[in-house]
Amino acid sequence: MDARITKSRLANLLSYDWLKIVAAILAAVLVICVFFTTVKTRPGKYHTFTVYGYRELVEGGDANGFLERLQADGVLSYDVLKTEQETFGTGQYANAAFTARRSTADGTVMFTTTNRTDEEDPSVTVISELLGGDQHTMALDLDTYLSDCEKYLIRFFGENWRAGTLDRAEAEACFLARNGKDRRYRSEAKRAEGVLQEYERFEHLRSDYIFVCDRLADGTLSYVDIADEKEVLHHKAFALGKLSQLRNYYYYAETTTNEEGEEVTVANSANVCLFLFRNDSDEGAAAKDVKNDLRYEALSYVRALVERFGA
């Protein structure tokens, strides 16, 4: 049988079977894409850390890449698989975009301000309009949040949680409950590596919690109070005005008068604050019943803000 490849035979093959060849290539590419999409771990509901900037706030020069650096440097825990940042501004579609994000519970923390929005009523501010009244449940109550975190630490370090030794069995059980079926930890070796990372997560959380509480005690950080629908005040945000370099991350434009009596526009961050979105039902729950173990990642973020922009 003559099976030689000749120009005429090759031409006939390409003339009649080229569609089959293209279809086979496309099918192979599709199979490869489906395979890698299937085996790749996708960030879950709580595995994404998202930072928002609201209304008049503008991103400073250090905003670009700040979150990625935190993730790469291990400031955020190993279980934060994705970081995002978005600033909504005051454009025509800003509120619509923000509403759309929150309709799917997107967002971890948000920068806003205590800038006045009513010249006749100093109590009306950007943040009070956003979180006041029956809207206050959008943000976590910081008193409850910090108390919850302490109870969470007691669960893993004991009543003397500041100096106690980590209960590794309890930490491993927590890891397996959250990540036992995660594709990242299918092998025994990977699972053992993940457990060690979980131990580190608890140690870092303890340190970060102490740091934030100490900065609240010494006045570096303070609270922004917002009234609910019954006019009861709640600590709803961290006031960041004492972080002298924060304008390099977020700022608002302010018009002031210089020594020559001329009006100039400057970047200011004195009234910038940060609140934490309420994205789970764990607020006030017993430590054993917490479903979102990553809800305290925001404390690591707050500490990073103080250390980077507080000098």
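Residue 945 in the working numbering sits at position 220 of the sequence shown, with consecutive numbering throughout.
Virtual Cβ for every residue (Gly too), placed ideally from N, Cα, C.
Checklist entry - Touching or not, the stretch 806-815 and the stretch 769-782, by the rule of three or more beta carbon pairs under 8 Å? => result yes
Checklist entry - For Lys-955, which three-state DSSP category applies? => result coil
Checklist entry - If you count every other CB in all the chains shown that lies within 10 Å of the CB of Lys-955, and 16 or more means buried, which is it? => result exposed
Next on the checklist: I'd like to check one pair, Leu-958 with Ala-952: are the Cβ atoms closer than 7 Å?
Outcome noted: yes
Checklist entry - Tell me which same chain residues have a C-beta within less than 6 Å of the C-beta of Thr-1082, skipping the five on either side of it? => result With the chain running from 726 to 1036 in the structure shown, residue 1082 is simply not present.
Checklist entry - So, is Ser-932 buried or exposed, given that buried needs 16 or more other C-beta atoms within 10 angstroms? => result exposed
Item to check | Per-residue burial, Tyr-1026 [other beta carbons within 10 Å of its own, 16 or more giving buried] | outcome: buried
Checklist entry - Taking the alpha carbon of Thr-850 as the point to measure from, which residue in Thr-839, Leu-891, Tyr-910 has its own alpha carbon closest? => result Thr-839
Item to check | Proximity to Gly-816 [Cα-Cα], best of Gly-986, Leu-782, Ala-830 | outcome: Leu-782
Checklist entry - DSSP puts Phe-836 in a beta bridge; with which residues? => result Gly-778, Leu-999
Checklist entry - Quick one: complete beta strand (DSSP E) runs, 3+ long, within the stretch 797-858? => result 807-812, 834-838
Item to check | Where the beta strand (DSSP E) through Val-989 begins and ends | outcome: 988-993
Checklist entry - Given that a residue counts as buried once 16 or more other Cβ atoms are within 10 Å of its Cβ, and exposed if not, what is Lys-961? => result buried
Next on the checklist: Does Arg-887 pass the burial test, meaning 16 or more other C-beta atoms within 10 Å, or should it be called exposed?
Outcome noted: exposed
Item to check | Tyr-934 to Gly-986 span [Cα, whole Å] | outcome: 46 Å
Next on the checklist: Please return the same chain residues whose Cβ sits closer than 6 Å to the Cβ of Glu-897, not counting the five positions on each side in sequence.
Outcome noted: Val-920
Checklist entry - How about Leu-1004 and Ala-864: are their beta carbons less than 7 Å apart? => result It is worth fixing the name first, because residue 1004 is Asn in this sequence and not Leu. Result no, Cβ atoms of Asn-1004 and Ala-864 do not sit closer than 7 Å.
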